[in-house]
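Q: Dumping the structure here so I can ask a few things about it.
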Amino acid sequence: TLYDDNLIDMPTGVNGTMQSVRWNGCIEEASTVATATWNPVNANAFDLDINLVPANEAQRWKPSLIGAAFRRYDTSRNDTRNTITTANANGYQSVNDATRTNNLTQVCPAQARRLGEMTRGELQIYVNGLTASGNTYHDIGMIWGARFISPEGIFRADNEAAPNGDAIGRHIVFMTDGVLMTSRNQYNTYGIEFYERRVTADGSTDLTARHAARFQAACRAARQENITVWVVAFGTALSQNLIDCASPGRAYQASDTRALTSAFQEIAQTIAALRLTQ
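Mapped onto our numbering, the consecutive letters of the sequence shown carry residue numbers 123 to 400.
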């Protein structure tokens with residue numbers, strides 16, 4: 123099985139021969155709906171349900187297996203979902219009468235940490251281990267941030283109540299150092315967008331706009347759970363999409379480290395003041 127050693131045998135070799143495919147820990151999201159309208163959220167868009175507790179196959183997360191994913195080219199090296207009869211001049215292997223290549227890129231993000239106490243040193247070690255790479259999908263970051271802190275869903279036991287029984291004030295600080303940027307050919311949590319077409323009808327048109335709309339849906343879902351959403355744009359413009367995600371008056375722009383420190387100090391002071399007055 124896959125989960126005992128992170129390996130699974132699949133018929134991905136030449137002419138369908140079995141190969142061992144490694145799982146790197148990343149996942150593909152639950153089923154969704156390819157639409158531009160997200161207010162209200164379609165009931166079948168399970169990936170945007172921050173309180174999702176899977177009960178069937180459509181709702182479950184799937185292992186992301188880049189070793190079993192391939193781009194399909196026609197003889198002119200254009201992406202295609204159609205079949206062709208011959209391999210191209212570059213010699214890519216023929217699978218189901220379509221040329222293929224596994225020159226895919228996939229950036230598996232650093233493992234997230236569930237809610238819990240951290241010392242300053244532990245936090246520093248964790249942050250130092252993070253490396254920015256790949257594209258920037260604001261929506262998936264907000265979806266999982268909301269899942270971790272929501273009082274419902276799979277992580278509810280982590281934050282239903284304070285150890286002393288007091289009510290909990292919930293806050294998300296969403297920081298980004300780049301504008302939302304998508305790719306139709308990168309293997310991400312929705313597979314390869316051009317082929318999977320889980321977000322758009324053709325895997326390309328309005329792809330970034332669709333993810334921006336989904337980001338807003340995730341932000342609304344968090345705020346509707348009485349979570350205060352703070353947004354910090356670090357070294358990048360504070361776009362209207364970021365402003366609209368934040369709770370009123372909770373969006374900041376920081377152009378350098380000094381401004382970033384100031385923004386976080388203000389956020390911390392405001393949260394502390396809210397706790398004292400509750």
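Ideal placement from N, C-alpha and C gives every residue a C-beta, glycine not left out.
Using a Cβ-Cβ cut-off of 8 Å, state whether Glu-282 counts as contacting chain B.
A: You won't find chain B in this structure, because it holds only one protein chain.
Q: Does Val-354 come out as helix, strand or coil in the three-state DSSP assignment?
A: Strand at Val-354.
Q: Smallest Cα separation from Gly-291: which of Ala-390, Met-297 and Leu-170?
A: Checked all of Ala-390, Met-297 and Leu-170; the closest Cα to Gly-291 is Ala-390.
Q: For the beta strand (DSSP E) that contains Val-249, what are its first and last residues?
A: Where Val-249 is concerned, there is no enclosing beta strand (DSSP E), although the alpha helix (DSSP H) it sits in stretches over 242 to 250.
Q: Quick check: the Cα distance between Ala-335 and Asp-328, rounded to an integer number of angstroms?
A: When rounded, the distance between both Cα atoms is 10 Å.
Q: Taking the continuous alpha helix (DSSP H) assigned at Ala-279, which residues delimit it?
A: From DSSP, Ala-279 is part of no alpha helix (DSSP H); its letter is neither H nor E.
Q: Within the chosen definition, does the region 142 to 153 reach the region 302 to 317 through at least 3 CB pairs nearer than 8 Å?
A: In short, these stretches touch, since the Cβ pair count reaches three.
Q: For the alpha helix (DSSP H) containing Arg-336, name the first residue and the last one.
A: First-last of the alpha helix (DSSP H) with Arg-336: 329 to 346.
Q: Over what stretch of residues does the alpha helix (DSSP H) that includes Met-264 continue unbroken?
A: 260 to 271 is the extent of the alpha helix (DSSP H) around Met-264.
Q: Buried or exposed: Met-264, going by 16 or more other Cβ atoms within 10 Å of its Cβ?
A: Classification of Met-264: buried, given that the 10 Å Cβ count is 16 or more.
Q: Measure from the alpha carbon of Glu-347 to the alpha carbon of each residue in Gln-228, Ala-359 and Gly-267, then state which is nearest.
A: Of the listed residues, the one whose Cα sits closest to Glu-347 is Gly-267.
Q: Between the region 281 to 289 and the region 339 to 358, do at least 3 Cβ pairs fall closer than 8 Å?
A: No, the region 281 to 289 is not in contact with the region 339 to 358.
Q: Take the Cβ of Tyr-374 as the centre, count every other Cβ of all protein chains shown within 10 Å, and call the residue buried at 16 or more, exposed below.
A: Counting Cβ neighbours within 10 Å, Tyr-374 comes out buried, since at least 16 surround it.
Q: Is it right to say Arg-342 is buried, meaning 16 or more other beta carbons lie within 10 angstroms of its own, or is it exposed?
A: Its Cβ being crowded by 16 or more others within 10 Å, Arg-342 is buried.
Q: Okay, do the region 298 to 307 and the region 353 to 363 touch, 3+ Cβ pairs below 8 Å being the bar?
A: Touching, per the Cβ criterion.
Q: What does the alpha-carbon distance come out to for the pair Thr-379 and Thr-139?
A: About 53 Å.
Q: Quick check: Thr-154 and Asp-169, are their CB atoms within less than 8 Å of each other?
A: Yes, these two residues count as a Cβ contact at 8 Å.
Q: Apart from the five residues just before and just after Tyr-309, which ones in its own chain have a Cβ nearer than 8 Å to its Cβ?
A: Once the five neighbours on either side are set aside, the close Cβ partners of Tyr-309 are Ser-186, Ile-188, Ala-191, Leu-226, Thr-227 and Gln-228.
Q: Quick one: which unbroken alpha helix (DSSP H) runs of 4-plus residues sit fully inside the region 155 to 195? Chain order, please.
A: Runs of the alpha helix (DSSP H) inside the region 155 to 195: none found.
Q: What is the DSSP secondary structure of Asn-363, reduced to helix, strand or coil?
A: The answer is helix: DSSP assigns Asn-363 an H, G or I state.
Q: Quickly, what does DSSP pair Asn-146 with across the bridge? List them, please.
A: According to DSSP, which records beta bridges pairwise, Asn-146 is partnered with nothing at all.
Q: Identify the continuous alpha helix (DSSP H) that holds Asp-131 and give its terminal residues.
A: Where Asp-131 is concerned, there is no enclosing alpha helix (DSSP H), although the beta strand (DSSP E) it sits in stretches over 129 to 132.
Q: Go to Tyr-374, then tell me how far its alpha helix (DSSP H) extends in each direction, as first and last residue.
A: Segment 373 to 376 is the beta strand (DSSP E) holding Tyr-374; no alpha helix (DSSP H) there.
Q: Quick one: measure Cβ to Cβ for Val-351 and His-333, integer angstroms, because I've assumed they're closer than 8 Å.
A: Actually they do not touch by this definition, with Cβ atoms about 17 Å apart.
Q: By the 10 Å Cβ neighbour count, where 16 or more other Cβ atoms means buried, how is Arg-372 classified, buried or exposed?
A: Buried: at least 16 other Cβ atoms inside 10 Å.
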